[in-house]
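Single-structure report; data block below.
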């Protein structure tokens, strides 16, 4: 800003004054030439001391003169500190994580909605952005810098789900008024046994969610199999969920901000997932400043950056890679032993030796955000993940050693485009398009028979959805849309000697039209989401109508009543062949419904819940009933007399999810219980009705956490009744060379019990750098938990029972540097 000294004495241009000072005092000035243009200064001939001259120039020019050394002075524009408290205009609640930025620089508000930001030019335009609110554009001169005043943001009228049960288990885990659970990793504290924020391990802490074999690739929601779960990453459907073939999640929590788990009452905008939906989302805010992290644990090394590109764009990149190429840790060894159980890697022919076993996994995630105006928003997403096992099989044949390589590769590549347009205060549209490709490929080398067996399972899917949202009245929103999905599934079996090749490919296109209304009462005590989805499956010329409902009522101040219901369908399922698929490591291959022996899966589900929350206490109980029709025996993982029978049927499940939680200042305690009764019905089997393979009747989890700003501690226990299995007939185990099985699923394994511990410590080591360290121990008691069992005829013609064990004591440790 140009300043001119008073005319009582002769003034000179500042450029001339600085040249004179350089000669008089042998000093050097560093400055931008345009900074001092048109600035005049009174004659300084009367000053004999350099320090006095600099103090005078500081006061009279409006610039900052700073000594970098005795003879070097830097000249900069004086900065103004903007500050304030950002609040919602209607509720006056603080808006944390609001971005405040100018000219590509900025900050975010803290949990109280407070921010501070230095700015050089009072005419600079400052942008304030927060999801669900209108963007504020204001010149810096109009901020109340003296008192750090309150700045109110106006809602943009987009109806978002509200939290009805906060801190459901721990901080960052909430229940919303649409019946879903939300995990916010920006606010997440700690869960027992997890040193890193694992997306799919975390959801298993909720009641009604278990994993029958401890993996994230086999999550069971209210008695459903894993292929009945819809997994979305920014609205992109994913057909792979885990690294290490299911032991850890493949979704990087550094780039994934929130996870929504919906067991029932799903919005009609979504299809598939007859048992539940796990929807992961990245942040829609454009970060005003660079931030990132570098981390390493006993499984992988990882990195993440979030970099702004000007005021309206930002890019995020996250990546992880296994460290097993460099050294093997106790955690890696335990994980590897777990996935290799009863596979060709662990147990080969007695004459064959396995060697040079190599395992690797990695993932890369990319997100690009662009906001060209306050009304437009564009997001691009990309993800690529891979798992690989390679090993050599060798044997001595005719006095010569023969070596052949076997391998298994599992990869996913997906990308999506999302565009949102807000036409006015009441009407907006959005469209998202995605392509997802999943491939599982195995080469099984048989050295003794000089044979190569190639298997492939490929899924390629394209989806597009258009949604128009209109606010008809205050608190009443109408949403309509169209959804198109094309899915292609290919399965290949190829043997080189004797030559055999079988290639099966199916394509199915579905069209969906949906409508729904969101309504909430003026006082916010009542919320309703109701809608219907119409589906047309063109290949089968089939029509399906699916109503959906989500209702929540708050009453007497502390109580909530919840009613959820839905009809859903899905067109894909998984075949499980324990003996022949993919070296035994990955036993599932995707298949597409053909409307004949592989039906379209359909479900009906309803639930009723009641909760009470006051003074840190939370009690929540939900009763449910679910019926799923169109499942196949090959998708359920039978290991008994039904293992190779191919027929379709259904299952029904009813039960209770219960939670008791208490918060005591820095302490948090919870106890959750799940009751499940799930029964199969297969009319073509010798036993029509019997207990489901996933019917773990009773499950109990408890935990205690301690949290401060620097330290988080967690200890927790997991207990459940054992997995059902079919026993042999005692005293008559073998009949005509085959195993003689008893009543289907009439027995169960020993109860499962696991104790876990974790600790995380955070410390600030620089102005913008933090260090986060952590340790965890999974199965602290090193208890041997059988997770599956089956029988095989051994060489002595006896029925041999084979038990598959869970992870033993598994430590992990992490170290992470965070830059912000």
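In the working numbering, the protein residues as written are 179 to 998.
Backbone N, C-alpha and C fix where the C-beta goes; we use that ideal spot for every residue, glycine too.
Less than 7 Å between C-beta atoms, sequence neighbours within five positions excluded: which residues of the same chain meet that for residue i?
i, result
"residue 876", "853, 898, 899"
"residue 186", "Caution applies to residue 186, whose pLDDT of 43 falls short of 50 and renders its modelled position unreliable; the value that the coordinates give is listed next. Nothing meets the Cβ criterion."
"residue 889", "939"
"residue 613", "592, 593, 640"
"residue 950", "938, 940, 994, 996"
Using 10 angstroms around the beta-carbon of residue i, count the other beta-carbons present and answer buried if the total reaches 16, otherwise exposed.
i, result
"residue 781", "buried"
"residue 417", "buried"
"residue 429", "buried"
"residue 411", "buried"
"residue 360", "buried"
"residue 278", "buried"
"residue 804", "buried"
"residue 908", "exposed"
"residue 528", "exposed"
"residue 210", "exposed"
"residue 347", "buried"
"residue 215", "exposed"
"residue 915", "exposed"
"residue 184", "Any reading at residue 184 must be qualified, since the residue scores a pLDDT of 40, below 50, and its modelled position is unreliable; the value itself is stated next. Residue 184 is exposed by the Cβ-count criterion."
"residue 383", "buried"
"residue 892", "buried"
"residue 513", "buried"
"residue 325", "exposed"
"residue 835", "buried"
"residue 758", "exposed"
"residue 696", "buried"
"residue 734", "exposed"
"residue 985", "buried"
Are residue i and residue j touching if we call contact CB-CB under 8 Å?
i, j, result
"residue 970", "residue 983", "no"
"residue 544", "residue 581", "no"
"residue 525", "residue 570", "no"
"residue 481", "residue 500", "no"
"residue 424", "residue 394", "yes"
"residue 122", "residue 256", "What is shown of the chain runs 179 to 998, which leaves residue 122 out entirely."
"residue 830", "residue 857", "yes"
"residue 645", "residue 607", "yes"
"residue 710", "residue 486", "no"
"residue 718", "residue 798", "no"
"residue 796", "residue 343", "yes"
"residue 204", "residue 249", "yes"
Would you please state the rounded distance, in angstroms, between the beta carbons of residue i and residue j? I believe it to be under 8 Å.
i, j, result
"residue 926", "residue 918", "So it is not a contact: roughly 20 Å between Cβ atoms."
"residue 585", "residue 621", "5 Å"
"residue 742", "residue 371", "The Cβ separation is near 30 Å, so there is no contact."
"residue 463", "residue 373", "With a Cβ gap of about 27 Å, residue 463 and residue 373 do not count as contacting."
"residue 787", "residue 800", "4 Å"
"residue 750", "residue 770", "6 Å"
"residue 454", "residue 432", "Contact flag wrong, Cβ pair sits at about 25 Å."
"residue 120", "residue 730", "As shown, the chain starts at 179 and ends at 998. That puts residue 120 outside it, with no answer to give."
"residue 397", "residue 378", "7 Å"
Which residues in the same chain have their Cβ closer than 6 Å to the Cβ of residue i, if we skip the five residues on either side of it in sequence?
i, result
"residue 687", "664, 716"
"residue 293", "278, 285, 287"
"residue 196", "207"
"residue 232", "243"
"residue 519", "982"
"residue 673", "631"
"residue 1016", "Residue 1016 lies beyond the residue range present for the chain, which begins at 179 and ends at 998; the question has no answer from this structure."
"residue 617", "589, 636"
"residue 879", "850, 896"
"residue 596", "557, 610"
Could one say the Cβ of residue i lies closer than 8 Å to chain D's Cβ atoms, at least one of them?
i, result
"residue 220", "Reference to chain D is not applicable here, since this structure consists of a single protein chain."
Can you list, in chain order, the residues of its chain with a C-beta nearer than 8 Å to that of residue i? Leave out the 5 residues immediately preceding and following it.
i, result
"residue 553", "599, 600, 601"
Within the region 846-900, ranges of the beta strand (DSSP E) (whole runs, at least 3 residues): 867-869, 876-885, 889-898
Uninterrupted alpha helix (DSSP H) stretches inside the region 289-330 (no shorter than 4 residues): none
Any beta strand (DSSP E) of 3 or more consecutive residues that is wholly inside the region 787-836: 795-810
Secondary structure, beta strand (DSSP E): runs of 3+ residues fully inside the region 366-431: The qualifying runs are 387-389, 397-399, 407-411.
Those runs of the beta strand (DSSP E) which lie wholly inside the region 514-556 and span at least 3 residues: Fully enclosed beta strand (DSSP E) runs of 3 or longer: 531-551.
Whole beta strand (DSSP E) elements within the region 703-735, 3-residue minimum: 704-715, 720-733
Complete runs of the beta strand (DSSP E) confined to the region 932-966 [at least 3 residues]: Correct list: 947-956.
Continuous beta strand (DSSP E) assignments of at least 3 residues falling wholly in the region 212-249: 218-220, 241-247
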